[in-house]
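Residue numbers (numbering that gives the first Met the number 0), protein chains in the order written: chain X, 0 to 815; chain V, 0 to 423.
Every residue gets a Cβ at the ideal spot worked out from N, C-alpha and C, and that includes glycine.
None of the values given here were measured: they were computed from a predicted structure.
Written out below as structure tokens is the structure these notes cover.
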Amino acid sequence: MSLSEGNAQTIKDKARGLNQHGGGSVLAVSSSEYILWAAYIDSITLNNPDSETDNNQDQTDLEQADLNQGNSYTIESQATTYRRASLILTGHIPTASKLIEVDQLNISDFNTALKNLLQGDGFHEFIKTSANDQLLVRRLVVNAYREIGQGIEKHYSEYKSIATNNDERDELAQELEEEPLELMAYVIENDRPYSEILTANYTLASIKSARLFKADEQTDPTFKPVQNVGQSLIMGRFTDFDVDSSTQIPHAGLLTSYAYLNKYPTTATNRNRARASATLKHFLGFDVEDSSAREISNDALSDDENPTMNNPACTVCHATLDPIAGAFQNFGGQGIFRDRRYGLDSLDAEYAETDEDSPYQTGDTWYRDMREPGFYNTVSQDNSNSLNWLAHQLVLDDRFATGTVKFWWPAIFGEELLSASSQRHQLDAQTTLIESLATDFREHLNLKTLLVNMLSSDYFRAHKKTGGEVDATRLNIHGGGSRLLTPEQLQAKIKSLSGFIWNEDKPHLTNDYNIYYGGIDSNEVEQRSRSISNVMARVAEKSALSSSCAIVATEFNQVKADRKLFTAVERDHAPGNYHSDKLTLPAENTSGMQTVNYNVKVTAGKVTIRMEKPSHKVFWQSLRITDAKQNVIIEGEMAELVSQTDWITGSGDPAWSLTTDEKSAYYLCCSSRYLEIEIPVEHAGQLSIEMQMWAENDNTSIDVTINQTEATTMLTDESSLLVKQQLVVLFERLLNETYTIDNQEISMAFNLFTQLRAAKIARGAHSDMKESNIDCLYYDTQGVPEADWAQDTHHTLTAWRGVLAALMMDPAFISE
Amino acid sequence: MQRRDFLKYFGAASLASTLPGLKLWAAPQDFSGQFFVFVQANAGWDVTSFCDPKVNIDGEKKINNWADSSAIKQAGNIAYAPFANNSSFFENLHDRMLVVNGINSSTNSHTAGRDYNFSGNIAKGYPSLSALYASVHSDGFAMPCIVNGGHFRSEGVVTPTIIGKNDDTLTSLINPNARRYNHSSMSLPQDDYNLVKKFQLRRAQDKASDDTLLSKQAKSQQEFLAAVSSSGGFENFGQLLESIDGGRFDLGNNFNKQALYAILGFKSGLSIAADLNKGGFDTHSNHDIDHAQALGGLTEGIECLWFLAEQLGIADRLTVMVASDFSRTPQYNGKEGKDHWPIGSTVFMQKNAPWANKVVGATDAQHNVLKVNPTTLQPDQESGIEITPKHVMHCARQLLGIEQHTNTLPFGLDIETNMDIFQA
């Protein structure tokens, strides 16, 4: 056909299957491929000056976008890409040292590192969850009575012995809904040609399903390749299978799995068309329903002269759809192989038995008033194995590669494909990438390689615009970089970083709160929420608040080397905590009065010296404190100082001096007593504290702490620096944000820490973090009493609990 | 904590107001417009057994088994089929109901039919009406559009809120800091929680104002900020849930619960629109039994919706639209089922509406579409036009006052001949 303005629409429509296109329908009207196809045809055929101008303008716009701003974005570091890829594909956040190592790799080694991620249990789950997002087969358990109890029971002789109660039935249902997903995982993980997901002449089974399929007995729940020879062609009457009529299911990869077939139950009128439509969409990336999204005339819709065969308004789709539907000919309404009368076929009983006008002939396995089983213009030659034949046709189609890219697109990029109403140049770039990835994929059919190529693309790695002045709509890409995590991914992230799972027996995020957090149930809710709603934010918040106490308790009850997050601090590292120790005094009658000195470097402001919990009686005769400039801040006999200044408070009493006949000393009798000295320090620097002290008993001890009363970001004491260092670690681990210790973001987090700590002190300075009516989901497995695991005399655990909660409900935490 | 107290505490208003294009704290309690519920009767309802009743014709294939023993009934000016729970539905609610019959969806495809009837466009790419309406008034509403699955398209105009069906789980989110089954027990002391929320909000604002973000990231950060900034109304929701009286309705029923959450969302100031989803209508076999169950559940749920709206005093502000993919064939197939039929109906409901208690559009005795005069809406085979979902959606947008809104304009319906189905 020659190209001209007059036949442009005709040419465009042929791609949709219109105008008796011999190749049938190959592009959906709203697909990006069709948009670009139509634009291309217009550009070379239209003579309309206005259109030409428009086209030229479009082209100019496109070129400008490309030349000036199309690529005006930055690419994230290799470390960030690796971290994100690792979480998404394996459920693990790599260690900081691993990320530093990855950042140094050359491109080739970096891609190898990415590919090395594609293994293990996490990757296994990634494959299955991602595949289910498309196939939506995890729905048998919720409908187990109907789909398993009624569907399987009458056709599998082993069912009765496997599912003796509802729990066992549900376990079997769960195995069956995992079957197609496990098959995909098996093919991918073992580097088998990806085409085998459709062409495999085997399926996968676990303990119960292996029994159902009459395969070799399995005791290990790990799914293994088997043949399904468990179905009986003679339908059991209430499971009374007295004749062994087991048959071999002619496998066609996941297409012949019960869960896949059952997802699209067929009827006398649907005749497998839903299965055909789903198969085209999932594996060739062609949405035939989308291609039919147009108004059809009343005549065509009311045409009762077999319109799907004869009426052009109908054949546009049915010429493509119906032969594929025919290839499913051996599988009945619910997905059972040849479910009509002794395994004759799967035809509708009215068509085959009661309709006097039916063209049915004995031995038929497909409807004579429909197109023959096939694929486009090729007819299947073997009706007994037509689905396997179809599978081989599908994987030979060029669109199998593009369909595969589209199938895995949401899993890798965390978004659906762009819609037809998107910016043209961005649609163009997306289509170019899909084609490029598909071209490479056709060469090897290795899904891992495809996934690595997707991870290496700008669609995954684009970070930010090169500047605020760049117009984001002019870029060739609209996204890239971090995306909102799914419930499964958020749960995996928390577990990887902390070891904690919120309600481990039945994790809240992936069960109770799954739908509320944007997840799917493959039944009523079939599409993930990619945008965060208020309710979703509340779930993230609840998760953070419920988890933080347990994580902090777990961390601080381990030695530092075993911790995952709090690797820089201990309990007593409180900002402005200049000194903390247990002072031990000998008995006065053997050693006399002691001079106790503390020299600490402090900042200006108020400093508190607190002495408490003496093991036996402790006495002070005098106190002298000088600042960095040798100015005396306070000096005198202790009893006098306590009585005359507000700077000193205590729960002890005056005592007789050892040297004079006066009650000029001061003492604490027992462990509940304290002495606290709060002084103003004008000059930062060394603070010298000198006390004359004695004890009645040998080895008398007392706790001594010297603190900045009100912590500020100006603090430079060791504890403050360690707290800031710990915040640097938390920002990197939790948020993938790398800062130096003096960064403003760290300062603000430090402020939060000190405010939380001050709030705890203001509430009464409880000695543990489990204050009244405060919940903590920590359960010590070693029998350590709460007073010990929750011990928080420095109020740092309380502060860390709040900081951790804040970071876990941060936008950077729930995204990756 | 009340929303304004929350605002005062965190000083969020001044910070939020610095963000271009983002209006937080827009005082949804000041909203005095309509609340909108869109009801999806998913998979193709049989309107010949509902609001466009058809009896059998001698010599023709049987249309409805119920017509063997029963005649068409009338509630006010609306004829209905004596089938399923219809009697209660029409007798109780006909005075707030406009039935639009004879809508030609021009397709037998579920997806195309849903897109056409739910968005006005036969191909995907247009938002559902509930999404569009919510988008226009979403400022300040924590969950402007409640969605219950099914066929819903937001097309980016609004962030839908999907909530499950478990009261305990939902109410546990009213105060995320409280323990699930012991609300007096907290994860953090209240003053710690306030500090943490302040820190979170500050970070969210900083990120949302980053002008170097790519389009998708910028949108995500804006959505996050909006999500953590809007909190007013959840306490009200919880209190209302505890006090609501279900009357004769089982509020544990899936569809009734969707209705319950919609009404509570409206009353508590959280929501302005809801998209309800009822399936079970694709009765290619065993039509009478299965369809009666689906239709009965649908009408009971809509009655429940109005009952709850009356109880909470918002029935006067409620607009409901009930639509489906298309309808079902005016005859049974070999499995006592009915297949797809492009000619269908849509029902609008609003209390005290001048257009209520009325039927517009028509079909013939065998449920073929009849053209209507676009001005009088009377059958006119000579010079009339067929009512399409596009016409219906255009009128619905007008009814809701959003047809000229900037959010709506990109989704124009390209109507060749205007008609006003809501003319009094």
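Counted within 10 angstroms of its Cβ, other Cβ atoms place residue i as buried (16 or more) or exposed
{"i": "L408 of chain V", "result": "exposed"}
{"i": "G763 of chain X", "result": "exposed"}
{"i": "N513 of chain X", "result": "buried"}
{"i": "D67 of chain V", "result": "exposed"}
{"i": "A351 of chain X", "result": "buried"}
{"i": "G90 of chain X", "result": "buried"}
{"i": "K207 of chain X", "result": "buried"}
{"i": "P143 of chain V", "result": "buried"}
{"i": "D167 of chain V", "result": "exposed"}
{"i": "V99 of chain V", "result": "buried"}
{"i": "N271 of chain X", "result": "buried"}
{"i": "H443 of chain X", "result": "exposed"}
{"i": "T797 of chain X", "result": "buried"}
{"i": "T529 of chain X", "result": "According to the sequence provided, residue 529 of chain X is Arg. The question's Thr does not apply to it. The residue in question, R529 of chain X, is buried, as its Cβ has 16 or more Cβ neighbours within 10 Å."}
{"i": "S435 of chain X", "result": "exposed"}
{"i": "L279 of chain X", "result": "buried"}
Residue span of the beta strand (DSSP E) that contains residue i, given as start and end
{"i": "D652 of chain X", "result": "D652 to A654"}
{"i": "M320 of chain V", "result": "L317 to S323"}
{"i": "S700 of chain X", "result": "T699 to Q707"}
{"i": "P679 of chain X", "result": "Y673 to V680"}
{"i": "E540 of chain X", "result": "That residue, E540 of chain X, is in no beta strand (DSSP E); its alpha helix (DSSP H) goes N533 to F555."}
{"i": "S687 of chain X", "result": "G684 to A694"}
Reduced DSSP secondary structure (H/G/I, E/B, other) of residue i
{"i": "F421 of chain V", "result": "coil"}
{"i": "G801 of chain X", "result": "helix"}
{"i": "L182 of chain X", "result": "helix"}
{"i": "F109 of chain X", "result": "helix"}
{"i": "G101 of chain V", "result": "strand"}
{"i": "W340 of chain V", "result": "strand"}
{"i": "S69 of chain V", "result": "coil"}
{"i": "V225 of chain X", "result": "strand"}
{"i": "S96 of chain V", "result": "First, the amino acid is wrong: residue 96 of chain V is Met here, not Ser. If DSSP states are grouped into helix, strand and coil, M96 of chain V belongs with the strands."}
{"i": "H424 of chain X", "result": "helix"}
{"i": "Q629 of chain X", "result": "coil"}
{"i": "A122 of chain V", "result": "coil"}
Residue i beta carbon near the ligand HEM (any heavy atom closer than 6 Å)
{"i": "K541 of chain X", "result": "Because no ligand of any kind appears in the structure shown, any question about the ligand HEM cannot be addressed here."}
Alpha helix (DSSP H) segment containing residue i, residue limits
{"i": "A816 of chain X", "result": "Because residue 816 of chain X is not part of the residues shown, which for chain X are 0 to 815, the question remains open."}
{"i": "C303 of chain V", "result": "H286 to Q310"}
{"i": "G284 of chain X", "result": "Unbroken run through G284 of chain X: none, as it is neither H nor E."}
Beta-carbon contacts of residue i that lie in its chain and below 6 Å, excluding the five residues immediately before and after
{"i": "I384 of chain V", "result": "K370, P373 and T416"}
{"i": "R327 of chain V", "result": "G43, D45, K337 and W340"}
{"i": "R623 of chain X", "result": "E634 and E689"}
{"i": "L755 of chain X", "result": "A798 and G801"}
{"i": "N387 of chain X", "result": "P249 and A251"}
{"i": "H391 of chain X", "result": "T198"}
CB-CB length for residue i against residue j, believed under 8 Å
{"i": "A491 of chain X", "j": "M808 of chain X", "result": "About 17 Å; that fails the 8 Å criterion."}
{"i": "Y72 of chain X", "j": "I519 of chain X", "result": "Contact flag wrong, Cβ pair sits at about 31 Å."}
{"i": "A95 of chain X", "j": "L104 of chain X", "result": "Contact doesn't hold; Cβ gap of about 16 Å is too wide."}
{"i": "A83 of chain V", "j": "T298 of chain V", "result": "7 Å"}
{"i": "M348 of chain V", "j": "R95 of chain V", "result": "5 Å"}
Close Cβ partners of residue i (< 8 Å) along its chain, the five nearest in sequence each way excluded
{"i": "C775 of chain X", "result": "C548, A549, A552, M768, K769 and A789"}
{"i": "L721 of chain X", "result": "A567, V568 and H572"}
Own chain partners of residue i with C-beta closer than 7 Å, once the 5 adjacent residues on each side are dropped
{"i": "L250 of chain V", "result": "K256 and L259"}
{"i": "P388 of chain V", "result": "I102, S104, Y115, N116 and G119"}
{"i": "T648 of chain X", "result": "E675"}
{"i": "I411 of chain X", "result": "L450, M453, L454 and F459"}
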